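Report on the structure given below.
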Amino acid sequence: MMRANDRKVPLAQLLCAVEDVIAARPRGIIEVARELGYSVGAVRARLEQLELEQRAHRRQIAIKGWCGVAYLWYAGPADTAELKLGETLVAQGAPNREEQAMIPFQSTVRTFPAINRRDPLVAALFGPAPARQVAV
Numbered sequence: 040m041m042r043a044n045d046r047k048v049p050l051a052q053l054l055c056a057v058e059d060v061i062a063a064r065p066r067g068i069i070e071v072a073r074e075l076g077y078s079v080g081a082v083r084a085r086l087e088q089l090e091l092e093q094r095a096h097r098r099q100i101a102i103k104g105w106c107g108v109a110y111l112w113y114a115g116p117a118d119t120a121e122l123k124l125g126e127t128l129v130a131q132g133a134p135n136r137e138e139q140a141m142i143p144f145q146s147t148v149r150t151f152p153a154i155n156r157r158d159p160l161v162a163a164l165f166g167p168a169p170a171r172q173v174a175v
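With this note's numbering as the guide, the letters of the sequence shown map in order to residues 40 to 175.
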């Protein structure tokens with residue numbers, strides 16, 4: 040668990056610090072977060088901001104024996120081939136990063152109907168529910 044005193048740079052300077060870390064050599068997001076003492080979420084937000092400003096880019100790498108993908112982050116803008124791939128995805132209808140931030144979502148809410156019966160565990164602990172009287 041990260042603590043505030045584990046952080047090596049102030050929050051206001053985190054964007055520049057992330058850029059400096061990936062300028063030294065390509066790194067994964069977890070490495071950057073561990074080196075700076077921030078959460079992966081905080082570092083991911085800064086890396087995506089750098090990517091939008093074309094000050095950093097990521098490349099997908101395959102990991103042997105693992106079916107998923109991982110990304111290494113590099114300093115500087117992406118190659119033209121990578122930019123064309125992104126433009127193709129947007130042309131096919133995939134939202135770009137700016138639109139992804141604005142996509143609304145609905146949280147799942149579960150409601151259970153009232154069945155006029157006391158929960159079995161509560162009934163075992165406290166006895167049956169008192170009879171309800173309906174006001175007329």
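For glycine and all other residues, C-beta sits at the position ideal for the given N, C-alpha and C.
Here the structure is a predicted model, which means the values were calculated and not measured.
Decide if residue i is buried, meaning its Cβ has at least 16 other Cβ atoms within 10 Å, or exposed.
i: Trp-105; result: exposed
i: Leu-75; result: buried
i: Val-161; result: exposed
i: Leu-89; result: buried
i: Arg-64; result: exposed
i: Arg-98; result: exposed
Can you give me the Cβ contacts of residue i inside the same chain, cut-off strictly under 8 Å, excluding the 5 residues immediately before and after it?
i: Arg-85; result: Leu-53, Leu-54 and Val-57
i: Arg-94; result: Glu-58, Ala-114, Gly-115 and Pro-116
i: Ile-100; result: Val-108, Ala-109, Tyr-110 and Leu-111
i: Tyr-62; result: The residue asked about is misnamed: residue 62 is Ala in this sequence, not Tyr. Excluding positions up to five away in sequence, the list reads Ala-114.
i: Ala-163; result: none
Start and end of the beta strand (DSSP E) containing residue i?
i: Ile-102; result: Per DSSP, Ile-102 belongs to no beta strand (DSSP E) and is neither H nor E.
i: Ala-109; result: 108 to 114
Excluding the 5 residues preceding and the 5 following residue i in the sequence, name in chain order all residues of the same chain whose CB lies nearer than 7 Å to its CB.
i: Pro-167; result: Arg-157
i: Ile-102; result: Ala-109
i: Val-60; result: Arg-66, Val-71, Glu-74 and Leu-75
Where do the N-terminal and C-terminal ends of the alpha helix (DSSP H) with residue i fall, by residue?
i: Val-48; result: Run containing Val-48: none; DSSP gives neither H nor E here.
i: Ala-225; result: The structure shown does not extend to residue 225, since the chain is modelled only from 40 to 175, so the question has no answer here.
i: Pro-159; result: 159 to 165
i: Asp-59; result: 53 to 63
i: Arg-73; result: 68 to 75
Please check the pair residue i and residue j, which I expect to be a contact at CB under 8 Å, by giving their CB distance rounded to whole angstroms.
i: Ile-68; j: Arg-83; result: 6 Å
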